[in-house]
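Peer 1: Numbering (the working numbering), first residue to last: 1 to 233.
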Ligand code: B1M
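(1) So residue 158 and residue 110 are in contact, right, with Cβ under 8 angstroms, and what is the actual spacing, rounded?
(2) From the DSSP output, in three-state form, read off residue 166 for me.
(3) Which value, in whole angstroms, describes the spacing of the CA atoms of residue 2 and residue 126?
(4) Can you tell which of 169, 155, 130, 156 has its C-alpha closest to the C-alpha of residue 139?
(5) Does residue 148 pass the burial test, meaning 16 or more other C-beta atoms within 10 Å, or should it be called exposed?
(6) Go ahead and label residue 115 buried or exposed: buried means 16 or more other beta carbons lie within 10 angstroms of its beta carbon, across all protein chains shown.
(7) Given 8 angstroms as the limit, tell me if residue 50 has its C-beta closer than that to any heavy atom belonging to the ligand B1M.
(8) Note down the Cα distance separating residue 90 from residue 141, rounded to an integer number of angstroms.
(9) For residue 203, which of 191, 211, 9 has the nearest alpha-carbon?
(10) Does the ligand B1M have a heavy atom nearer than 8 angstroms to the CB of residue 252?
(11) Short of 6 angstroms in beta carbon distance, which residues of its chain neighbour residue 71, apart from the five on each side in sequence? Order them along the chain.
(12) Measuring straight from C-alpha to C-alpha, what distance separates residue 44 and residue 213?
(13) With three or more beta-carbon pairs closer than 8 angstroms as the criterion, would you say the region 77 to 85 touches the region 28 to 35?
(14) Name the one or two DSSP bridge partners that residue 208 has.
(15) Please list the terminal residues of the continuous alpha helix (DSSP H) segment that includes residue 199.
(16) Which of the three DSSP states, helix, strand or coil, is assigned to residue 140?
(17) Examine the ligand B1M and report whether any of its heavy atoms sits within less than 8 angstroms of the Cβ of residue 64.
(18) Do residue 103 and residue 47 have their CB atoms nearer than 9 angstroms?
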């Protein structure tokens with residue numbers, strides 16, 4: 001592209017800019033994504049709207065083309081990197097709501113799985129809603145979950161899996177909690193694109209969370225219920 005044709009992001013209308021962000025995310029252009037996030041913030045967009053209407057929506061398109069064999073791992077990694085650039089700007093803004101401490105969550109992606117964008121988003125939104133979050137990262141074996149639960153004593157255990165081959169591992173973790181008599185000590189929330197409610201029930205989780213907003217709402221409800229039960233009992 002010649003200099004004359006270069007797109008000036010700040011000259012675009014909101015709709016055009018969001019459209020452009022989807023293209024830039026698709027092309028893995030991190031700096032452009034960061035600039036566009038800054039522009040939308042200046043125009044008064046909420047961090048949550050930028051996240052969901054531009055970044056997550058753009059990543060969905062990437063996901064479809066990855067599935068259909070149009071994009072491959074290197075391109076998807078670049079797109080993920082661009083998304084992370086945007087998320088890094090939004091994170092402190094989502095977190096600084098000054099909400100009172102709601103409870104504590106330990107969250108990690110299960111063994112064999114290295115997808116972390118959705119988990120990071122959940123962690124961010126939970127922090128934004130006033131939860132303390134301990135992020136265990138990716139590829140966590142059952143031993144790591146058990147150790148972290150013992151040392152952190154959270155209210156909630158969150159697990160993420162993006163692959164049909166790794167989602168059954170969530171049951172391995174829940175079974176281990178049962179075997180150790182620890183299951184009832186924690187609210188177990190699970191999420192990730194291939195999961196559904198039925199799966200969540202079948203493996204013995206307390207709830208399946210379709211997205212980060214649902215995770216926050218579910219966490220609030222179940223923590224409040226747990227505290228009520230504890231004060232009644
Ligand atoms: Co992967 N990948 N990937 N990938 N990748 C998927 C998941 C896939 C659906 C793509 C496809 O074919 N359409 C497919 C899985 C198919 C299947 O299992 N049925 C797939 C595959 C096959 C693979 C590899 C096997 C590819 C290969 O190597 N041949 C490989 C596996 C690596 C491994 O993990 N061992 C692989 C690798 C990768 C990259 C490394 C290139 C990259 C990950 C980079 C990273 O995460 N740092 C990647 C990406 C980016 C994707 C897609 C395109 C996007 C995932 C994403 O970040 N979405 C994905 C396609 C898709 O899902 N559309 C795909 C955006 C994110 C915001 O959404 O993660 O769903 P999501 O999280 C949501 C909810 O699910 C929920 O809230 C989040 C926010 O709203 N949620 C939770 C998630 N976790 C939660 C936990 C909770 C609560 C809610 O706890 C309380």
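By construction, the Cβ of each residue, glycine as well, lies at the ideal position given by its N, Cα and C atoms.
Peer 2: So, from the listed chains and residues:
(1) Numbered from its first residue, the chain shown carries residue 158 at position 158. Numbered from its first residue, the chain shown carries residue 110 at position 110. About 11 angstroms separates the two Cβ atoms, so there is no contact after all.
(2) For this step, residue 166 is matched to residue 166 along the chain shown. Residue state, collapsed to three classes: coil.
(3) For the purposes of this step, residue 2 is identified with residue 2 of the chain shown, where counting begins at 1. For the purposes of this step, residue 126 is identified with residue 126 of the chain shown, where counting begins at 1. Residue placement at residue 2 cannot be trusted, given a pLDDT of 44 that sits under 50; what the coordinates show is reported in the next sentence. So the two alpha carbons sit approximately 44 angstroms from each other.
(4) For the purposes of this step, residue 139 is taken as the residue at position 139 of the chain shown. Closest by alpha carbon: 169.
(5) Taking the first residue of the chain shown as position 1, residue 148 is located at position 148. Per the 10 Å Cβ criterion, buried.
(6) Taking the chain shown and counting its residues from 1, one reaches residue 115 at position 115. Classification of residue 115: buried, given that the 10 Å Cβ count is 16 or more.
(7) Numbered from its first residue, the chain shown carries residue 50 at position 50. No; taking the cut-off as 8 angstroms, the Cβ of residue 50 has no heavy atom of the ligand B1M nearer than that.
(8) Here the question's residue 90 lines up with position 90 in the chain shown. Here the question's residue 141 lines up with position 141 in the chain shown. Roughly 30 angstroms separates the two Cα atoms.
(9) Taking the chain shown and counting its residues from 1, one reaches residue 203 at position 203. Comparing Cα-Cα distances from residue 203 to each of 191, 211, 9, the minimum goes to 191.
(10) Here the chain comprises residues numbered 1 to 233, so residue 252 is not present and cannot be evaluated.
(11) Your numbering for residue 71 matches position 71 in the chain shown. So the qualifying residues of the chain are 65.
(12) Taking the first residue of the chain shown as 1, we reach residue 44 at position 44. Taking the first residue of the chain shown as 1, we reach residue 213 at position 213. Approximately 21 angstroms between the Cα atoms of the pair.
(13) yes
(14) Working through the chain shown from its first residue, we reach residue 208 at position 208. Beta-bridge pairing links residue 208 to 190.
(15) On the chain shown, residue 199 is found 199 positions in, with the first residue counted as 1. Taken as a continuous stretch (DSSP letters only), the alpha helix (DSSP H) holding residue 199 covers 197 to 203.
(16) As a first step, residue 140 is located in the chain shown; it is residue number 140 there, counting from the start. Note: residue 140 maps to strand in three-state DSSP.
(17) Residue 64 sits at position 64 when you count from the first residue of the chain shown. Yes - the ligand B1M has a heavy atom lying nearer than 8 angstroms to the Cβ of residue 64.
(18) Counting from 1 along the chain shown, the entry for residue 103 is found at position 103. Counting from 1 along the chain shown, the entry for residue 47 is found at position 47. Against a cut-off of 9 angstroms, the Cβ pair of residue 47 and residue 103 comes out as no contact.
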